[in-house]
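First up is the structure itself, then whatever we jot down about it.
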Amino acid sequence: MRGPQDYGGMPAGPVDPDTHEHVPTHWEKTVDAMMMLLFDQRRRLARVDESRRMQEALGDDYHKYPYYERWLQAISWLMLEKGVYSQEELEAKKAEVRARMEAEGHGS
Amino acid sequence: MSETHDHSHDHAHPTHTHDGKPIQEDPLPSLEAQILEASVRELLIEKGVISSDDVRRAIDQVESRTPALGAKIVARAWDDAEFKDKLMSDSDEALMAFGVDMRPTELCVVENTDDVHNMVVCTLCSCYPRPVLGIPPAWYKRRDYRSRAVREPRAILREFGTDIPEKKQVRVHDSNADLRYLVLPQRPDGTEGWDQERLARLVTRDSMIGVSDALAPADVED
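Residue numbers (our numbering), protein chains in the order written: chain A, 11 to 118; chain B, 53 to 274.
Below is the structure:
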């Protein structure tokens, strides 16, 4: 079984330049911006290959995640791995954000 | 990102105001993804890793990086032999004239000629010369393109409507975390005497990835 980093040369479907275009959304650009900040020379908190390692760790879920949701998961796991925040802090923050978003009627 | 970045550049199509609110309602990801994004961002801000201003400025920078910048670079290379030599041999120094900093990655410029057509892929994932072309197109990130580009590039090129004569060699360049590629397309015939601004209108994103050629004068002249 080849990982997603090793698709080169495998059979695959046609490329449709017209339907395979996508204008990045504001949300996606926010994730992109966060990754760029973590990559930058001042912070050096992430590297491209580290981000890829985390995305590949999704295993079979790699293709179930939209591209920027994979990036987001990679950022979150990398920050946990590097001790920027703990799993407990992340869970507490997610509970806080979930309560806030549900109160604001997001995602409904 | 640059600490000296300012807000003076033009947003041709602004998607958010400077207080970060989207102008147009974009489709949102799942609630779980929204929650995770807000949680990670707020934790990074609370930990002092980034600030809200940093995020806003970085989004501005993401939006300021478009293929128009790459097109200006290609047009100058077509028009200015000395610049082209510099771009091909020491791209960092040449790109400085455009305020582009590729570090920590390296940009390798590959030139299309009568004998060689170059095309870029990232089989690993989606490495791309973002500082000069912006966010890669969706097809570039898809498994189909990544898998087949290194095995049957001419078939993919035909799917883009690009027919490369059999006598011309097709070279595929596989990008990685440290090394990115930009294709210098061939300058179209019939552009003698054109200035760089006019030339740049012929340079498309796809021509700098190498899945198509630059436009012909007839494609852009009114």
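Glycine included, every Cβ here is placed at the ideal spot set by N, Cα and C.
Treat the numbers as computed from the prediction; the structure is a model and nothing was measured.
- Shortest Cα-Cα distance from serine 103 of chain B to any of A:Met44, A:Glu66, A:Lys92 involves A:Met44.
- Within chain A, Arg57, Val58, Asp59, Arg62 have C-beta atoms less than 8 Å from the C-beta of alanine 229 of chain B, given in sequence order.
- Sequence-distant partners of cysteine 160 of chain B (beyond 5 residues in either direction) whose C-beta falls short of 8 Å from its own C-beta, in its chain, are Ser143, His225, Leu231, Arg232, Tyr233, Leu234.
- Against chain B, a Cβ distance below 7 Å from glutamine 15 of chain A picks out Leu176, Cys177.
- According to DSSP, residue pairing for glutamate 91 of chain A in a beta bridge does not occur.
- Neighbours of glycine 23 of chain A in chain B, taken as residues at a C-beta separation under 7 Å, are given in chain order as Asp196.
- In the structure shown, leucine 231 of chain B adopts extended strand secondary structure according to DSSP, grouped into three states.
- Not a single CB atom of chain B sits nearer than 9 Å to the CB of aspartate 70 of chain A.
- In this structure, lysine 39 of chain A sits near glutamate 115 of chain B, with a CB-CB distance shorter than 9 Å.
- A Cβ-Cβ distance of about 4 Å is found for the pair alanine 123 of chain B and alanine 252 of chain B, placing them in contact under the 8 Å criterion.
- For valine 58 of chain A, the closest alpha carbon among the candidates A:Tyr95, A:Ile85, A:Val25, A:Arg12 is that of A:Ile85.
- For isoleucine 125 of chain B, no CB of chain A lies under 9 Å from its own CB, so it is not counted at the interface with that chain.
- For the pair of segments examined, the stretch 161-173 of chain B was found to touch the stretch 210-228 of chain B: the number of CB pairs separated by less than 8 Å reaches three.
- Going by beta carbons, arginine 117 of chain B and glutamine 248 of chain B fall outside the 9 Å limit.
- Aspartate 226 of chain B sits in a strand when the DSSP states are folded into three classes.
- If you ignore the 5 residues before and after isoleucine 97 of chain B, its C-beta comes within less than 7 Å of the C-beta of Ser103, Ser104, all in its own chain and listed in chain order.
- Chain-ordered listing is empty here: chain B has no CB closer than 9 Å to the CB of leucine 88 of chain A, the nearest sitting near 10 Å.
- In chain order, Met89 place their CB closer than 7 Å to the CB of tyrosine 95 of chain A, counting only its own chain and leaving out the 5 sequence neighbours on each side.
- Judged by pairs of C-beta atoms under 8 Å, the stretch 178-194 of chain B does not touch the stretch 129-137 of chain B, as fewer than three such pairs exist.
- Contact with chain A is absent for valine 255 of chain B, since none of that chain's Cβ atoms lies less than 9 Å from the residue's Cβ.
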